[in-house]
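Down below is the structure, laid out as C-alpha cells.
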Amino acid sequence: MKPVPLETEPPKLTLLQKERLEDYRMNNVKAMKTCLSLLVSLAAVLLLTPTAAAQEKMRIILDTDAMAEVDDQHALAYALFSGDHFEVEGITVNRGSDYPERTERRPYFGTVTIDDHYKEAVNMARMCASSDVPVLKGPAGNYRQIKGDSNHSTFDGSGAVNFIIERAHAPSDRPLHIYAMGNLTNVALALLKDPTIAPKIEIWWMGTEWPQNYACNNHAGDLDAVDALLANPQNVAFNIIPWPHKGVTFAEIKGKMTGRGPRVSPAVPGLRGEGPDFASFGDYSVHLFDKFVGARQKEHGRSLLDMVGLAALKNNVGEFTPYEMGAPSFVVEEASQTGSQAHRYPGTWVENADNPRRVTMWRDPNRDAVYTDFFNTMDNYVLAGSVPTKDVSHQAAYAARAGTIVPIDGPVLAGEPVTFTLKGNPGDPHWQLGDGSTAEGASVTHTYQEPGVYRVVMGSKVGEKFNELSSAILRVHTPETVHLPQVLLDTDARNEIDDQHYIAYGLFSNLDVLGINSIHHGPFRSDRGGQAQEQMNYGEIIHILALCRQSDLLKHRPENQMPLVFHGSNLPLEVPASGNWLDTQPVKTEASEAILAAARGASPDNPVWVLPVGPCTNIGSAILQAREEGFDLASRIKIIWLGGGPEQVNVRSFNGTNDPWSVYVTGRSGAEFWILLENPTGASLALDKRTDLGVYPDNKLGDYLVAISNIWSKSPTKALYDVATISMVIGNHLGKGWLTLVEPSEVLGPDQEYRWKKVEGPTNVQIIREIDAEAMKADFFTTLNGNPTELKPRQ
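Under this note's numbering, the first residue of the sequence shown is numbered 2, with each subsequent residue one higher.
Here you go:
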C-alpha cells in the first residue's frame, strides 16, 4: 500500500483554520507574491471585521508523558510562558509509549511509570512559576483495558478523564483545546465517558509519522485510543500534527537558554524529583540536552517535537500548512522490528478520501519561525496561569480580601442591566462577568442577553495574571423563572448510593440548581477512601452529570443553566482551644467560596437553599468566612442538613460523626437551619427493590442508579436519605404538608455531647422528626421519569 496522498481539491477549513492559514500566507513572502490579488481583495474585509478568535486567549489543557524524552518539558514551558496566547486550565498526564516493543529501549530516562510522568509534570509547573495550574494523573493502563470501567465514577486514570470533562463543560463561549503530546488514552476515555463534550473541544495530537507506514511512539502507545478518535461518531474536531523533525543544536540551547525563564525559589528538582535542583527552566533545558541527548544530535540537531507542534496552536507562528482530509485508518501488522527500529510499530495507513469523518493534518512548519518564537518566549514570558477556581490541593487559599462584591438587591432579568459594586479598595479592580465579557472599575453595569447561571469574578491583575478576590453566582432569569427556588447541593457523592439519587432528583426537578459542592466523608475512615475522599466524591459528581446529559437532561435544563461544580473540604473543622465557635478557623475552599458567591448573587426575597447531605464543613466554613468579611449571610441562605440521630448530632448518624463541630457552628450562626434527621427520619424514605426498580427511567442514568442500588446491599430495601432534602424544598414551595413533625430546637456543644435541646421560644434551628416519605418518594420517581412537579409562583 502506498502512503496516503494529500487531497488535491482545495481543503474545506474551519474558520479558525482559515485564519491560521491566512496568517501563514501573510508571513510567507513567496506566498504573498503569488496570492497578492486575493489578499488585496480581502484586505478591506479583514480590516473591517476583526475576528474575536484572533483577540482571545485559547483555553487549553496540556496532555503529556512528561518524562518520555526531552521535548515534553520544552513544550510545557513554551505553553506556560505564552500567557498572551494561552489560558492553561490544567495538565493531564498520560503513560506515554510503554508498549511491549519499547520497554527494552529507553535511551533517555530508564524505566518510566505513570507516577514518574506525573512527578515530572508537577515539578515542571513549579519550575515554570505555575504551581497554581492543576496536574491530574492519567491511567497506567490503556484504552482497551479501561474502557469497560469508564462508566464508573472511579477507575484507572479517572482524575485526568473527569477533569477534561469538567473543563469541557465549564461555562465559556470559547472551545477547550486539548494538546496531546503522548498517547490519546485520556482524551479517548473522556469522549467515551461523556460524548456530549465533543462539540465543546478541539483535539490537537502530536503523534504520528503519517503517511509513513508504521506507528511511532505516541501512536503505538495506545493504538485503540487512536482508532477511537479517528472513528469518533460525534465527529469531534481532530487536528493531527505528524512529527515535525525540525532540530536544534546543543550550542543553540546552551547559548540561548542558560538562565532563561522566571527565577523560582526554592529551586525545583528535575528528573521526576531526583534532582539536581534548578531555579529556572532555562538551566534545566541545558541540563537535559547535556545529559540525555546523544553526541550526533547535539551537533546536528535534536527536534523538540512536542514544542514544535505547539506552534501550530499559537496562532500558527510555526507556519504549518493545514490539510483537511477524510480520516484514514491504520491496519496493524505483527510487530517484528527490533533494534534501532523498535520504536516503529509496523502497520499500514489506508486512505479514506471520501470518509465523512474529517481530520486536519498540520505539516511542513518553518523551523526558524518556530525556534525564533520559542527563544523569544523564554526572554519575554507571560505566565499562562490557570482559571481562578483551580488549585492543585483544592484547599484554595483565599487571602484576606482587599475587596468583595456587594450582594445584589433584586432579581436579574435577561436583557435588563444589573450593576455590580464592591466593598473595600482592591486598587485596580477587574471583572470577569461570566458570559465572556470583562470590565474594570469599582462599579460595573452589564446586561446579560441570555438567561442562565453565570459566575461573576472580581479581582486584580498583576501583568497578565488575574488574582481572584471575590465572586458571585448569578442566576439571570426570564419573568417565568424568577420565582423558582434556588438550591446549592453539597454532597459526599461516592460515599453511598442516596447521594447519586439526590443529585439526579435536583437536576431533573424544576428547582434552579446553581452549583454542586463536593465534601469529605470522614478522612479518618481509611476503609472509605481516607484522604482521597473529596477527590473521589468530586469525580462521582462529574460522573452523574455526564450520565444525566446522556439521559436527555439538556432537553429539560439547557447547558447554560447547568450547575457549576466546586471542590470542597477534605478535612473537618477543628474545635478551637477556647471552645468558642467564633474562634474556629474555616477550611477555605472553592465550595465555601461558592456558598458565599451564591448568597451574593441571590435576591433577598429568594434566598438560596444550601443542602448539605454529608458533613457541614463547607457551610460551616462559609459562615465563618462571612463573619470575617462582615457579610450578613444569614439573610440570604437557608440550610437543610441531612444528618443527626434521634437525640444528638453524632450518634446513629454517619454524617454527624464526620464533623459534629461544624453542625454546632452552623446552629449557632443564626442562619435558618433545618435538620432532617438521618435516623429515623431520612431512613423512612426507602427504596423497595422488589417493586421500585422497575420504575426507574430506561436510560443510562436509570441503569446506573439501579446497578448501584443492587450492588450496595442484598437487603430488599435501601434508605434514600438525601432525597428528602430536595423533596422538602419542593414541598415547602408548594405548601405541601410533607413535614409532619417539626421541633424548634437548639444544638448543644461538645461539653453536652452535641445533644438536641427542644425550645419553646424563637430559634433558628428546626429538627424534622417525621415526614410523608411516600409522597416524597412518589415525587422523586415522577421527576426522574421526566415529569417534574410544576413550581408555580407562590400566592
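All C-beta atoms in this analysis are idealised placements derived from N, C-alpha and C, irrespective of residue type, glycine included. What you are looking at is a predicted structure, and each value in this text was computed from that prediction instead of being measured.
Neighbourhood of residue i by C-beta distance below 7 Å, restricted to the same chain and skipping five residues each side
{"i": "Ala684", "result": "Ala720, Tyr722"}
{"i": "Arg145", "result": "Asp225"}
{"i": "Phe782", "result": "Val696"}
{"i": "Ser330", "result": "Leu231, Val351, Asn353"}
{"i": "Lys247", "result": "Ser304, Val309, Pro366, Arg368, Val371"}
{"i": "Ala599", "result": "Ile474, Leu489, Leu515, Gly516, Val609"}
Pairwise C-alpha distance: residue j and residue i
{"i": "Met33", "j": "Ala312", "result": "Residue placement at Met33 is poorly supported in this model, since its pLDDT is 34, which falls under 50; the coordinates are not used for a value here."}
{"i": "Val454", "j": "Lys589", "result": "23 Å"}
{"i": "Gly645", "j": "Asp228", "result": "51 Å"}
{"i": "Gly428", "j": "Asn381", "result": "26 Å"}
{"i": "Leu515", "j": "Arg558", "result": "12 Å"}
{"i": "Val445", "j": "Gly703", "result": "45 Å"}
{"i": "Phe674", "j": "Pro745", "result": "10 Å"}
{"i": "Met326", "j": "Leu694", "result": "48 Å"}
{"i": "Asn152", "j": "Ile542", "result": "13 Å"}
{"i": "Val318", "j": "Glu679", "result": "60 Å"}
{"i": "Ser604", "j": "Val413", "result": "8 Å"}
{"i": "Gly160", "j": "Phe525", "result": "22 Å"}
{"i": "Phe279", "j": "Met125", "result": "10 Å"}
{"i": "Pro573", "j": "Gln626", "result": "15 Å"}
{"i": "Thr422", "j": "Gly442", "result": "9 Å"}
{"i": "Thr585", "j": "Glu629", "result": "11 Å"}
{"i": "Trp206", "j": "Pro270", "result": "28 Å"}
{"i": "Val743", "j": "Lys759", "result": "10 Å"}
{"i": "His734", "j": "Gln767", "result": "17 Å"}
{"i": "Asp223", "j": "Ile147", "result": "12 Å"}
{"i": "Tyr449", "j": "Glu57", "result": "20 Å"}
DSSP bridge partner residues for residue i (one or two, in chain order)
{"i": "Lys138", "result": "Val94"}
{"i": "Leu565", "result": "Gly516"}
{"i": "Asn744", "result": "Going by the sequence as given, residue 744 is Glu instead of Asn. According to DSSP, Glu744 bridges with Ile768."}
{"i": "Tyr215", "result": "Pro347"}
{"i": "His478", "result": "Leu414"}
{"i": "Tyr144", "result": "For Tyr144, which the question treats as bridged, DSSP gives no partner whatsoever."}
{"i": "Leu177", "result": "Arg60, Ile202"}
{"i": "Ile242", "result": "Met207"}
{"i": "Ile406", "result": "Leu423"}
{"i": "Gln433", "result": "Thr439, Val458"}
Exposure of residue i, with buried meaning 16 or more beta-carbon neighbours within 10 Å
{"i": "Pro608", "result": "buried"}
{"i": "Pro245", "result": "buried"}
{"i": "Glu761", "result": "exposed"}
{"i": "Asp795", "result": "Reading the sequence as shown, one finds Arg at residue 795 and not Asp. That one is exposed."}
{"i": "Gln501", "result": "buried"}
{"i": "Pro51", "result": "With a pLDDT of 35 at Pro51, under the threshold of 50, the modelled position of this residue cannot be trusted, and the question is left open."}
{"i": "Val188", "result": "buried"}
{"i": "Ser98", "result": "buried"}
{"i": "Ser286", "result": "buried"}
{"i": "Lys715", "result": "exposed"}
{"i": "Arg60", "result": "buried"}
{"i": "Thr267", "result": "Checking the displayed sequence, the identity of residue 267 turns out to be Pro instead of Thr. Result: exposed."}
{"i": "Gly411", "result": "exposed"}
{"i": "Asp606", "result": "exposed"}
{"i": "Trp713", "result": "exposed"}
{"i": "His86", "result": "buried"}
{"i": "Thr259", "result": "exposed"}
{"i": "Leu190", "result": "buried"}
8 Å Cβ shell around residue i - same chain, five flanking residues per side excluded
{"i": "Gly787", "result": "Phe509, Asp553, His557, Pro698"}
{"i": "Ala122", "result": "Thr65, Ala67, Leu77, Ile92, Val94, Val136"}
{"i": "Thr764", "result": "Pro745, Ser746, Glu747"}
6 Å CB neighbourhood of residue i in its chain, flanking five on each side removed
{"i": "Lys701", "result": "Leu548, Gln551, Ser552"}
{"i": "Asp513", "result": "Arg476, Leu485, Gln487"}
{"i": "Ala592", "result": "Asn518, Phe567, Gly569, Asn619"}
{"i": "Asp291", "result": "none"}
{"i": "Met2", "result": "Because the pLDDT at Met2 is just 26, under 50, the model does not fix this residue reliably, and the value given afterwards should be weighed accordingly. Within the same chain, Met2 has close Cβ partners Thr349."}
{"i": "Tyr119", "result": "Val94, Lys138"}
{"i": "Ala238", "result": "Glu203"}
{"i": "Pro774", "result": "Sequence check: residue 774 is Ala here, not Pro. Correct list, in chain order: Ser685, Leu686."}
{"i": "Asn538", "result": "Asp493, Ala494, Arg495, Ser519"}
{"i": "Gln433", "result": "Thr439, Val458"}
{"i": "Ile115", "result": "Arg96, Ala141"}
Would you mind listing the alpha helix (DSSP H) stretches within the segment 612-700 that are 4+ residues and don't spill past its ends, in chain order? 618-630, 655-659, 661-669
Can you check the segment 490-552 for any alpha helix (DSSP H) of at least 4 residues that lies completely inside it and give the ranges in chain order? 499-509, 534-550
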